[in-house]
Structure formats: structure tokens, C-alpha cells
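Just below is one structure, and these are the notes that go with it.
In our numbering, the protein residues as written are 571 to 865.
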């Protein structure tokens, strides 16, 4: 391989350093863009749960009526033995209310709007409990999207003997332990989970995708609540005690639809940024190669 002269080496090094500066500047712009999209996602969620994302419709049935219907539904399900009667949640105090909400909305606790329950792990030393056909999810499988399958499956015997909750299609799952605190999933199929996941079957007056985005907006709060111990975690009790705003059902659907659209745009922006990263790297390699190959 021929070695260029000293003056040529200096010129190549000068070009190399110049292009490194350009590359660094481009990388900084790309990184700033990534930060902006993360902030944009958070802003979308905040606007959504504060009633600022879509217009209110005075014809919507107010959330106060929804709560009466939820109360009746809950009592009926308890009477039919489909859900367990839980200890009453404490009244909401003024200190817990973080912002104003639109007319027709109500402040509620998460435990008021769905039936919540954590999972369990069947004993690993009993082969009768594993390799069945029932989905059994762990927190690492919660993907902030829809869930159709699981890495491991359990048997009917495990479901019967191991205090497992069988979550329904449409249920929303949230991770409670470790680095995955706040990760979410919506089930497309029936599934059980381990004890690190909590599932919620929303009552009929609560739209599951609104609940999903509501929980997503609370992720940072849940992470902060879980910090401090050797193993970060939140509990079902902490989740169901959390105070949240509840809009009318029709508005819940409009909010979720709007957030879906805006999050898709954010996804597209992220793809473009990722492509820009790759293009920047290729350009840098190409420029350097050209500099070294010059006669």
C-alpha cells in the first residue's frame, strides 16, 4: 500500500477532522430531533388526559352518569360472582387533584373504572403446570401494543390450582416490577400473567385504548413511586389508588383515536430520523474513503 507524502497526509488529516466536525454537527441535530419527538409524545399524552386534545361535545353523556352505570355494573358482576368485592377506595382529596378538567369529566381512582388483578407463577418444579395451551406472560413481553402470544404457556391444571387470573381479550396489562415498570399491553386473546403484571378488565363505560393512554401518561409517576428499593416495584394497590380524569365515553374514543393518529406521525418521524442516522454514517464513510483515495 503506497504511503502518501507528509504534506498529503496533513491535508488528508485536515479533511478528516473537518468532516468529523460536520458529522458531529449532523449527529447533534439528529439527537436533538429524537429528544423533540420524545417530548412531543409526552405532550400529546398530557394534552389528551387534560381534555385539550379534542373538542368537547355538550351532547356527550357526562362522566357522572358513566360512574352511576359503572357502579350498577360492578354490583351486578359481584352478585353474579364474576368479580370479587374489593375494599372501598378512599374518597378523593383536593390535594390529589393536579389540574382542572373540562365540564362533563370526573376525577376517579383507577380502581373505580375496572376490575384489577395481578398474576402468579405456577411452581416450576411441577411439569404438570407448563407446556399447555394457555398464554402466560411475563413483563418483558409487554410491548406497549397488542399481544397475541406468549413465550411460555401453562395448562388448565395450573389455571385451576395456582391462583392465576385469566385476563380477557381487550384487557390492559401493566408491568409492576423492575426496569419494565409501566410497560403496557392490550390483549387480543385470553392470557394469564406472572405476579409482576397487573391486568385490568375495564368496565363497559371505559374504552380500553383510553385507559391504555391514561396509564402511559402515568409511566413516569409509577417509575418514581417504584424507586428507592433494591428491586423497584409498584403494587396493585398503588395502581388502583391513583387518581385520574375520566371523560365521557364518546370523548374517550375521540381522544384515543386522535392519540393513535398523532403517535403514528411520531413513529414516522422516528423512522425518518433513523434513516438520517444511517445516511449520515454512510456519507461519512464515503467522504473519508474518497479523501484517502485521492491521488
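C-beta: ideal position from N, C-alpha, C; glycine also.
| Query | Result |
| --- | --- |
| What span of residues does the alpha helix (DSSP H) with residue 635 cover, start to end? | 633–649 |
| Which same chain residues, not among the five before or five after residue 777, have their C-beta less than 7 Å away from its C-beta? | 819, 822, 823, 826 |
| Starting from residue 796, follow the alpha helix (DSSP H) in both directions and report where the run begins and ends. | 789–796 |
| To the nearest angstrom, how far is the alpha carbon of residue 701 from that of residue 631? | 47 Å |
| How big is the Cα-Cα spacing for residue 615 and residue 727? | 41 Å |
| Taking C-beta to C-beta, are residue 720 and residue 690 nearer than 9 Å? | no |
| Suppose contacts are defined by Cβ-Cβ distances below 9 Å. Is residue 817 in contact with residue 780 by that definition? | yes |
| Between the beta-carbon of residue 741 and the beta-carbon of residue 772, is there less than 9 Å? | yes |
| Distance, Cα to Cα, residue 634 vs residue 623? | 21 Å |
| Which partner residues does residue 762 have in the DSSP bridge list? | 706 |
| Candidates 806, 665, 848, 830: which alpha carbon is nearest residue 657's? | 806 |
| Is residue 793 near residue 760, with beta carbons less than 9 Å apart? | no |
| Flag this pair as yes or no: are the beta carbons of residue 695 and residue 753 separated by less than 9 Å? | no |
| Can you give the beta carbon distance from residue 812 to residue 679, rounded, assuming they're within the 8 Å contact cut? | 7 Å |
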